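Student: Below are the structure tokens for one structure; questions will follow.
There are 2 protein chains.
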Amino acid sequence: MHTYRKRDYPLNDARRHIETGPIVLIGSAHKRETNIMTMGWHMMMELEPALIGCYIWTENHTRKLVMASKECVINVPTVDLVDTVVKIDNSSGAEIDKFEAFDLTPVKTTKIGAPLIKECYAKLECRLHDARLVRTYRRFLWEGVKAYVATSPKNPRTIHFRGNGEFMTAGETIIRRRMFKPEML
Amino acid sequence: MHTYRKRDYPLNDARRHIETGPIVLIGSAHKRETNIMTMGWHMMMELEPALIGCYIWTENHTRKLVMASKECVINVPTVDLVDTVVKIDNSSGAEIDKFEAFDLTPVKTTKIGAPLIKECYAKLECRLHDARLVRTYRRFLWEGVKAYVATSPKNPRTIHFRGNGEFMTAGETIIRRRMFKPEML
Numbered sequence: 332m333h334t335y336r337k338r339d340y341p342l343n344d345a346r347r348h349i350e351t352g353p354i355v356l357i358g359s360a361h362k363r364e365t366n367i368m369t370m371g372w373h374m375m376m377e378l379e380p381a382l383i384g385c386y387i388w389t390e391n392h393t394r395k396l397v398m399a400s401k402e403c404v405i406n407v408p409t410v411d412l413v414d415t416v417v418k419i420d421n422s423s424g425a426e427i428d429k430f431e432a433f434d435l436t437p438v439k440t441t442k443i444g445a446p447l448i449k450e451c452y453a454k455l456e457c458r459l460h461d462a463r464l465v466r467t468y469r470r471f472l473w474e475g476v477k478a479y480v481a482t483s484p485k486n487p488r489t490i491h492f493r494g495n496g497e498f499m500t501a502g503e504t505i506i507r508r509r510m511f512k513p514e515m516l
Numbered sequence: 332m333h334t335y336r337k338r339d340y341p342l343n344d345a346r347r348h349i350e351t352g353p354i355v356l357i358g359s360a361h362k363r364e365t366n367i368m369t370m371g372w373h374m375m376m377e378l379e380p381a382l383i384g385c386y387i388w389t390e391n392h393t394r395k396l397v398m399a400s401k402e403c404v405i406n407v408p409t410v411d412l413v414d415t416v417v418k419i420d421n422s423s424g425a426e427i428d429k430f431e432a433f434d435l436t437p438v439k440t441t442k443i444g445a446p447l448i449k450e451c452y453a454k455l456e457c458r459l460h461d462a463r464l465v466r467t468y469r470r471f472l473w474e475g476v477k478a479y480v481a482t483s484p485k486n487p488r489t490i491h492f493r494g495n496g497e498f499m500t501a502g503e504t505i506i507r508r509r510m511f512k513p514e515m516l
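If you read the sequences in order, they're chains A and B. Its first residue numbered 332, the first sequence is counted upward by one per residue in the numbering used here. Its first residue numbered 332, the second sequence is counted upward by one per residue in the numbering used here.
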């Protein structure tokens with residue numbers, strides 16, 4: 332399976348690989364248990380600190396782990412992992428070890444206990460910033476504390492879920508930097 | 332400028348054009364004033380009803396209008412509008428009429444007062460579902476009440492912001508319907 336060479340990445344640039352709306356894989360751990368879930372419902376909520384809101388169903392096994400550990404890793408997969416993403420989505424961490432079942436490599440993180448997924452293009456170690464909305468809105472607010480992004484390619488072919496078993500993959504890049512006011516960049 | 336033939340669209344399929352994470356244009360109106368803002372920080376929060384969370388800065392002129400009217404239209408532009416999107420992002424509705432300045436056509440909606448943008452591929456009329464988090468999190472929760480989507484193409488080239496004046500455009504489609512459990516579709 333394809334793996335990426337990772338490098339440290341400025342935290343406030345993490346939005347580059349989150350804000351475009353890709354499916355991400357949430358890595359979690361508590362005690363000896365680890366899990367991975369797919370997530371498409373997330374949004375940036377602040378650049379500095381890097382805050383990311385996401386929606387986790389009450390039924391998801393990951394919910395239990397992240398509520399206990401208050402940590403997760405947001406891993407950004409690329410198109411080569413699309414089948415693995417679907418398998419992760421269609422199985423439960425309550426029944427299987429997804430790292431083992433889907434041949435993914437857990438990597439120790441620097442700042443938290445949950446594992447990175449080596450095969451993913453970008454990884455963001457997160458601490459739970461605010462859990463006040465979990466019960467009423469199922470909304471978790473994460474603070475990115477350490478980011479890694481592959482050295483190449485610069486523009487990854489991320490996958491974006493359309494529902495109904497269908498994905499869109501990241502296409503061409505368009506640069507309009509010169510049209511922006513300096514303070515808007 | 333390119334316009335789309337619109338048709339009514341099932342509300343619970345609206346996620347198809349939101350969840351992939353495109354830049355959207357928020358149309359708003361209050362009394363005789365209308366406005367348009369760009370938005371990249373949004374996420375699905377429920378399918379039925381179609382709930383969408385989004386982040387609107389306190390400084391945005393749109394914030395005033397939507398707080399007063401409790402309505403907005405989420406318009407999904409495609410790549411042909413990328414320059415217009417940048418211009419909308421780099422100007423303020425407090426100073427100009429963006430529909431007029433950028434040659435966009437406001438269209439009357441069915442269920443609410445804010446205007447659709449004719450030139451956009453998909454449109455979702457929304458009512459403010461919950462404003463409780465506006466002050467603490469700048470988070471608005473919208474309920475889609477009526478959707479329109481162009482008859483073609485089926486897979487629009489939406490634009491996705493990477494920050495720093497750069498966009499990714501929607502690329503190829505990948506279908507994995509058969510790999511999903513029926514209850515996951």
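C-beta: ideal position from N, C-alpha, C; glycine also. Only a predicted model underlies this, so the values are computations on that prediction, with no experimental measurement involved.
1) Verify whether the separation of the beta carbon atoms of Y479 of chain A and A445 of chain A is less than 8 Å.
2) Taking 8 Å as the threshold (C-beta atoms), are R463 of chain A and K401 of chain A in contact?
3) What runs of the alpha helix (DSSP H), each 4 residues or longer, lie entirely inside the stretch 457-488 of chain A?
4) Let me make sure I understand the geometry here. Which of B:A360, B:D344, B:M515 and B:T504 has the alpha-carbon closest to that of L382 of chain B?
5) Residues of chain A with CB under 7 Å from D420 of chain B, in chain order?
6) How about Y386 of chain A: is its C-beta nearer than 8 Å to some C-beta of chain B?
7) Buried or exposed: D420 of chain A, going by 16 or more other Cβ atoms within 10 Å of its Cβ?
8) Going along chain B, which residues have a C-beta under 8 Å from G502 of chain A?
9) Using beta carbons (cut-off 8 Å, strictly below), is M376 of chain B in contact with chain A?
10) For I505 of chain A, tell me which candidate among B:A399, B:G358, B:L412 and B:V438 has the shortest Cα-Cα distance.
11) Under 9 Å between beta-carbons, which chain B residues line up against W473 of chain A? List them in chain order, please.
12) What residue range does the alpha helix (DSSP H) around R394 of chain A cover?
13) If I measure Cβ to Cβ from E379 of chain A and keep anything under 6 Å in the same chain, skipping five residues before and after, which residues do I get?
14) Under the DSSP definition of a beta bridge, which residues are partnered with L455 of chain A?
15) Classify R470 of chain B: buried if its beta carbon has 16 or more other beta carbons within 10 angstroms, exposed otherwise.
16) Looking at the structure shown, is F511 of chain B part of a helix, part of a strand, or coil, going by DSSP?
17) Measuring alpha carbon to alpha carbon, tell me which of B:M376, B:M370 and B:M510 ends up nearest W388 of chain B.
18) Using 8 Å for Cβ pairs, my map puts T409 of chain B next to T489 of chain B. What's the rounded Cβ distance?
19) Kindly list, in the order they appear in chain A, the residues whose Cβ is closer than 7 Å to that of H373 of chain B.
20) Using the rule of at least 16 other Cβ atoms within 10 Å of the residue's Cβ for burial, across every protein chain shown, is K362 of chain B buried or exposed?
21) Quick test of your reading: E377 of chain B and G494 of chain A, contact by CB under 8 Å. State the CB separation rounded to the nearest angstrom.
22) In whole angstroms, what is the alpha-carbon distance linking D428 of chain A and M375 of chain A?
Tutor: The structure says:
1) Translated into positions along the first sequence, residue 479 of chain A becomes position 148. Translated into positions along the first sequence, residue 445 of chain A becomes position 114. In this structure, A445 of chain A does not lie closer than 8 Å to Y479 of chain A by Cβ.
2) Stepping through the first sequence from its first residue, residue 401 of chain A is reached at position 70. Stepping through the first sequence from its first residue, residue 463 of chain A is reached at position 132. Result no, Cβ atoms of K401 of chain A and R463 of chain A do not sit closer than 8 Å.
3) 465-468
4) In the second sequence, counting from the first residue as 1, residue 382 of chain B sits at position 51. It is B:D344.
5) Along the second sequence, one-based indexing puts residue 420 of chain B at 89. Using a Cβ-Cβ cut-off of 7 Å, D420 of chain B is close to M515 of chain A, given in chain order.
6) Within the first sequence, the letter at position 55 stands for residue 386 of chain A. By this cut-off, Y386 of chain A is an interface position.
7) The residue given as residue 420 of chain A occupies position 89 in the first sequence. Within 10 angstroms of the beta-carbon of D420 of chain A lie 16 or more other beta-carbons, which makes it buried.
8) Locating residue 502 of chain A in the first sequence gives position 171, counting from the first residue. In chain order: R488, M499, T500, A501, G502 and E503.
9) One-based indexing of the second sequence puts residue 376 of chain B at position 45. Yes, contact with chain A.
10) The residue given as residue 505 of chain A occupies position 174 in the first sequence. Comparing Cα-Cα distances from I505 of chain A to each of B:A399, B:G358, B:L412 and B:V438, the minimum goes to B:L412.
11) For this step, residue 473 of chain A is matched to residue 142 along the first sequence. In chain order: nothing, as chain B lies at least about 13 Å away.
12) If you number the first sequence from 1, residue 394 of chain A lands on position 63. Its alpha helix (DSSP H) spans residues H392 to S400.
13) Taking the first sequence and counting its residues from 1, one reaches residue 379 of chain A at position 48. Taken in chain order, the residues that qualify are N343.
14) Along the first sequence, read from residue 1 onward, the residue named residue 455 of chain A stands at position 124. DSSP lists A:I405 and A:A478 as partners of L455 of chain A.
15) Locating residue 470 of chain B in the second sequence gives position 139, where the first residue counts as 1. That one is buried.
16) By one-based count along the second sequence, residue 511 of chain B stands at place 180. Assignment of F511 of chain B by DSSP, reduced to helix, strand and coil, places it in the coil class.
17) If you number the second sequence from 1, residue 388 of chain B lands on position 57. Minimum Cα distance to W388 of chain B is reached at B:M370.
18) Within the second sequence, the letter at position 78 stands for residue 409 of chain B. Within the second sequence, the letter at position 158 stands for residue 489 of chain B. About 6 Å separates the two Cβ atoms, so the contact holds.
19) What you label residue 373 of chain B is simply residue 42 of the second sequence in a count that begins at 1. Those are M374, listed as they occur along chain A.
20) By one-based count along the second sequence, residue 362 of chain B stands at place 31. Under this definition K362 of chain B is an exposed residue.
21) In the second sequence, the residue the question calls residue 377 of chain B occupies position 46. In the first sequence, the residue the question calls residue 494 of chain A occupies position 163. Not quite, the Cβ-Cβ distance comes to about 13 Å (not below 8 Å), so this is no contact.
22) Residue mapping note: residue 428 of chain A aligns to position 97 of the first sequence, counting from 1. Residue mapping note: residue 375 of chain A aligns to position 44 of the first sequence, counting from 1. So the two alpha carbons sit approximately 29 Å from each other.
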